[in-house]
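Presented below is the structure to which this report refers.
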Amino acid sequence: MIVESGVVEPKGLWRMRVLFLPDEGLDVSGDAAELVVLALALVAGKGSVEATASAEPSFGGTELASVKVVSTSGPGVHIRVDSERSALLIEGDRLGLTALADEVGSIAEMDDGGHQHIEYFPGHYYLAAGSLAMVVNSPHGGMPTR
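Count along the sequence shown starting at 1, add 3, and that's the number in this note's numbering.
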């Protein structure tokens, strides 16, 4: 993988897949290294992770081209889609971005299939109101094998 001037580009068999389902939110998949790269961009408060289209079904969703991370004054983290750039945009204060990075990093370390829902509710400790719901899948797939 290449990391330079805020642009993170993983190299490997495939890149991260980001699917936007308007009625449901976002579905993010990648191998462990790609999820770690996303977590590092979140901790840094800036960066871009390229995504790619997949041969897998999109279930009526739109595949996004990248994930952009931008540090703001907050409060909290706002997750949205920039449709003009076909990008998942994650903006937020450093505390919130670090909390999200911890969750993404934990998912990258999963040793079996599974996924985590990251979804706003009143009083959420780092997500801002209006954030899209996001499911981040284990590098081993979205469902456990055991």
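Virtual Cβ for every residue (Gly too), placed ideally from N, Cα, C.
Contact under 8 angstroms by Cβ, residue i with residue j
i	j	result
residue 92	residue 80	no
residue 107	residue 38	yes
residue 69	residue 90	yes
residue 52	residue 42	no
residue 123	residue 134	yes
residue 47	residue 18	no
Residue i - partner residues in DSSP beta bridges
i	result
residue 74	95
residue 66	22
residue 54	19
residue 81	94
residue 137	29, 121
residue 130	80
Spatially closest choice to residue i from the options, by CA coordinates
i	options	result
residue 118	142, 103, 40	142
residue 121	96, 104, 67, 65	104
residue 71	64, 100, 112, 63	100
residue 64	114, 40, 20	20
residue 78	128, 140, 138, 139	128
residue 66	32, 73, 40	32
residue 96	73, 114, 25	73
residue 26	102, 140, 40, 62	62
residue 35	102, 98, 82, 114	114
Cβ distance (whole Å) where residue i is taken to contact residue j below 8 angstroms
i	j	result
residue 3	residue 75	Since the first residue of the chain shown is 4 and the last is 149, residue 3 is not available in this structure.
residue 136	residue 28	3 angstroms
Burial state of residue i (16 or more Cβ within 10 Å)
i	result
residue 30	buried
residue 15	Because the pLDDT of residue 15 is 44, which lies under 50, any placement of that residue in the model is unreliable, and the question is left without a value.
residue 131	buried
residue 50	buried
residue 13	Only weak support is given to the placement of residue 13: the predicted model assigns it a pLDDT of 42, under 50, and the question is left unresolved by the model.
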